[in-house]
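Line order of the protein sequences matches chains E and D. Quick note: the first sequence uses the numbering used here, first residue 741, plus one each step. Quick note: the second sequence uses the numbering used here, first residue 741, plus one each step. Right, one structure below, let's go through it.
2 protein chains.
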Amino acid sequence: MAVVVMKFGGTSVANIERIRNVARHVKREADAGNSVAVVVSAMAGTTNQLVEWVREASAMHDAREYDAVVASGEQVTAGLLAIVLQGIGIPARSWQGWQIPISTNQAHGAARIEAIDGSEIKSRFADGEVAVITGFQGREPQRNRIATLGRGGSDTSAVAIAIALDAEVCDIYTDVDGIYTTDPRVVPKARRLSKIAYEEMLEMASLGSKVLQTRSVELAMVHGMRTRVLSSFAEPESIQPVRAGMKDNTVGTIVCDEDEIVEAQVVSGIAYAKDEAKVTILGVADKPGVAATVFGPLAAANIDVDMIVQNLSSDGKRTDMTFTVEATQLDKALAVLEGARDDIRYRELNSSADVVKVSVIGIGMRSHAGVAAKMFEALAEKSINILAITTSEIKISVLIHSEYAELAVRTLHSVYGLDGD
Amino acid sequence: MAVVVMKFGGTSVANIERIRNVARHVKREADAGNSVAVVVSAMAGTTNQLVEWVREASAMHDAREYDAVVASGEQVTAGLLAIVLQGIGIPARSWQGWQIPISTNQAHGAARIEAIDGSEIKSRFADGEVAVITGFQGREPQRNRIATLGRGGSDTSAVAIAIALDAEVCDIYTDVDGIYTTDPRVVPKARRLSKIAYEEMLEMASLGSKVLQTRSVELAMVHGMRTRVLSSFAEPESIQPVRAGMKDNTVGTIVCDEDEIVEAQVVSGIAYAKDEAKVTILGVADKPGVAATVFGPLAAANIDVDMIVQNLSSDGKRTDMTFTVEATQLDKALAVLEGARDDIRYRELNSSADVVKVSVIGIGMRSHAGVAAKMFEALAEKSINILAITTSEIKISVLIHSEYAELAVRTLHSVYGLDGD
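Next up, the structure:
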């Protein structure tokens, strides 16, 4: 017997029929003798409608009222799932964030969970009662108001609740059946990973693999909460119930500590992100302090800069700088740089949104040399020009022209031995 | 300056445009220096959708979960109205029942309010903050769960909150502009009443004039809370703001203590109810205890019996009984009576849903004789046969064939001098 937290997103609870399907997943775990807490999102479309009403009400809305409105969606789902569970003979009750309580800080709309009192829910596990919990929200205790965690926050709710309840695993049910070595739409030979390390998942998530919210993975990593991604559309009875101490995994992908991954690949996956734009500043002075004149104003305008390349100057006086920003922030970035032209004193400013960042990710890189060289060679062989490079301990990213995106991903997937049958 | 409670129903907050109109009503009161608490229902249609989902989830649903689901509708409206108010420069915050708290008993789905802590809201009045409160719901403290008051419960919420806040008046904004002497669709000469006594309103409300929920009027009567019915669709700026001690009334209808109604009419209004059905039991024994054999089983089956007429027996042995039940309960009542035939020992059972109850209502009746006689004469003159009669201190009701309903109402409206110009 184990404590299991199961989280279901909006498409998994989009209507009563799908909620009945969710109930069958819960029944499987309850029937196996597990203690179950279910975390639910709002029915698909609901949150968008609520957000639309809020925007229509006022462009400059109070974040606390926004939270009061949008938090209602999960409350509906939680009550409905509790009713469906009771209807098939499983004792259940719904819990809203303020009832548990799940305490948050005051950052309404993007609140962080500060504490969860799991005692009452745990004591009801003894009676076989399933807890159905509203995701995405908690209570800010100073003002006694509902605070939401931001879009996608239900993943974070689920992991935090799993930690508070000492769960065996936090199962995140989604519309995909796991984490793949790369996007299967680009590379049909992409394989589902049985396990992936927290650090790798963080790199995957922040690079556009939108299966798990980044914050939830960070939280899981800090507390060592094993988090599994699996499909809610799978036949509920086809999945093995969770067992205490279970280390093997037949469905989905478990995000876990790297120690649990016995034979780690050097590279676990290839990610790509199309939402970057490149900015190049030509002819700036090649002297100390020039970077500050460029990146200071951008930081002040809340523009995140990602990859930075400063070319070697040919004459020791003038040089060029290239960096990337989010494509949605490109216009703003250009405006800031034009405004700061007198301080930076550059000759020319140009930009392109026609770029893509491709990354190879793997904890095995730490102990293997030559991973980067292999990447550069493979790309050179296909005549793909590298515009910028960044690296971390477990990741190498290159910026290339968008037209080569698929070719690059496919090539690297093959080069690092990730192709399945 | 006064404390004002304003309640807006579902059609008055059906979309953002209407919510903006509500905000203008609130602004009028706030601009006049009044302290304002607004009580809102769910947007029209929302509660029906939520109830439908609950029914689809399970026919036998847990009332606590039903409450958790359906209470979400008012939470959305309260947040949206607070946002719209802030957008036009009026400090406002939304309050859910559990935040105030509004404490209820454990009768989920039909809970009664037991206590309201108005202290925090009152203290914020000093800063000019408008309180926007979810109607229809509170918190059941033992289990810390949301409890709803039943359909139409927002009127009761508003009156209870007005009492807790020592409000000058509880203004109920609806889609009609007040209480009329009778249904204007039947009698075009019907007049809007400027004032009506609580007792009269109770008789009007329970007789099918569905403007105010009966429980809210009872509550207002017990606590002497003046309650005004007025139209939310009136031009907000055309209405005079509330003033402390204001006794005159230019819009809507004030439901108040009869002492406040200086020149009470003998009859204030004519009500009719079409949802009654008549049951006649022929040839029952004319002896003590027979009524118990009839009405005992009906009471046990939760069937409310309204008008009862027992004919004089011609031979002292056998008699006939006539009574009315709600038309929706007729089939059930007949089944109960057929099941109890051996105990009651009647000759024949027949029924008709083709009847209507017409009532004349007025606190002035108490001090005027001959009101009933005038009614019977007027109906006789039109050859309208009376099937049953009931009377109370301030009401006389007759049961007649439905085909005479409009004629009877029109005749009585005229006879008692209620016709306007």
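Every residue gets a Cβ at the ideal spot worked out from N, C-alpha and C, and that includes glycine.
For E:Trp-793, there is no enclosing beta strand (DSSP E); the residue is part of the alpha helix (DSSP H) that begins and ends at 786-797. Neighbours of D:Val-816 across chain E, judged by C-beta separation under 8 Å: Leu-790, Trp-793, Val-809, Ser-812. Taking 3 residues as the shortest admissible run, the region 772-857 of chain E contains the following complete beta strand (DSSP E) segments, listed from N- to C-terminal end: 775-780, 832-835, 842-844, 853-856. Not a single C-beta of chain E is nearer than 7 Å to the C-beta of D:Glu-1088. Separation of D:Ala-1080 and D:Asp-1071 (C-alpha to C-alpha, rounded to the nearest whole angstrom) is 14 Å. Remark: C-beta atoms of E:Ala-904 and E:Ile-856 approach each other more closely than 7 Å. Under the three-state reduction of DSSP output, D:Lys-987 falls in the coil class, being neither helix nor strand. Below the 8 Å Cβ cutoff, chain E contributes no neighbours of D:Ile-856, its closest Cβ being approximately 16 Å away. DSSP places E:His-963 within a helical segment (H, G or I) once states are collapsed to three. Excluding residues up to 5 positions away in sequence, nothing lies with its Cβ nearer than 7 Å to the Cβ of E:Ser-978 in the same chain.
If only complete runs of 3 or more residues are kept, the region 1034-1089 of chain E shows the beta strand (DSSP E) at 1045-1050, 1058-1066, in order along the chain. Contact between E:Val-1034 and E:Met-1061 holds, with the beta-carbon distance rounding to 6 Å and staying under 8 Å. In the three-state scheme derived from DSSP, where H, G and I count as helix and E and B as strand, D:Lys-929 is classed as coil. Of the residues E:Thr-921, E:Asn-774, E:Pro-928, E:Leu-942, the one whose Cα lies closest to the Cα of E:Ser-934 is E:Thr-921. Of D:Arg-931, D:Pro-928, D:Met-961, the smallest CA-CA separation from D:Glu-940 is found for D:Met-961.
Residues of chain E with a Cβ closer than 8 Å to the Cβ of D:Ser-798 are, in chain order, Ile-823, Val-824, Gln-826, Gly-827.
Taking C-beta atoms as the reference points, D:Gly-1036 and D:Arg-1058 fail to come closer than 7 Å.
Taking D:Gly-1157 as reference, the option from D:Ile-901, D:Pro-831, D:Val-927 with the minimal CA-CA separation is D:Val-927. Here D:Ile-823 is not near D:Lys-767, since their CB atoms are 7 Å or more apart. If the five residues before and after E:Gln-1050 are omitted, its C-beta is found closer than 7 Å to the C-beta atoms of Thr-1059, Met-1061, all from its own chain and listed in chain order.
The Cβ of E:Ile-756 sits closer than 7 Å to at least one Cβ of chain D. Between the alpha carbons of E:Ala-777 and E:Ser-1091 lies a distance of about 49 Å. Contacts with chain D at 7 Å (Cβ-Cβ) include E:Asn-884.
For D:Leu-1022, no alpha helix (DSSP H) segment is defined; the enclosing uninterrupted segment is the beta strand (DSSP E) at 1016-1025. The straight-line gap separating the alpha-carbon atoms of D:Arg-966 and D:Arg-1085 is approximately 51 Å. Taken through DSSP and simplified to helix, strand or coil, E:Ala-937 comes out as strand. Comparing C-alpha distances from D:Met-800 to each of E:Ala-784, E:Glu-805, E:Gln-826 shows the shortest one belongs to E:Gln-826. DSSP places D:Arg-879 in the strand class (E or B) of the three-state scheme. Going by beta carbons, E:Ala-937 and E:Ile-1001 fall inside the 7 Å limit. Rounded to the nearest angstrom, the gap between the Cα atoms of E:Ile-1103 and D:Glu-796 is 48 Å.
Sequence-distant partners of D:Val-794 (beyond 5 residues in either direction) whose C-beta falls short of 6 Å from its own C-beta, in its chain, are His-801, Tyr-806, Val-809. With a contact defined as Cβ atoms closer than 8 Å, E:Val-743 and E:Glu-908 qualify at about 6 Å.
For E:Gln-846, same chain residues with a beta-carbon under 6 Å away, outside a window of 5 residues either side, are Glu-880 in chain order. Spanning the alpha carbons of D:Leu-1074 and D:Ile-1043 requires a straight line of approximately 11 Å. Here E:Ser-1137 carries a strand assignment [DSSP, helix/strand/coil]. DSSP lists D:Glu-880 as the bridge partner or partners of D:Arg-885.
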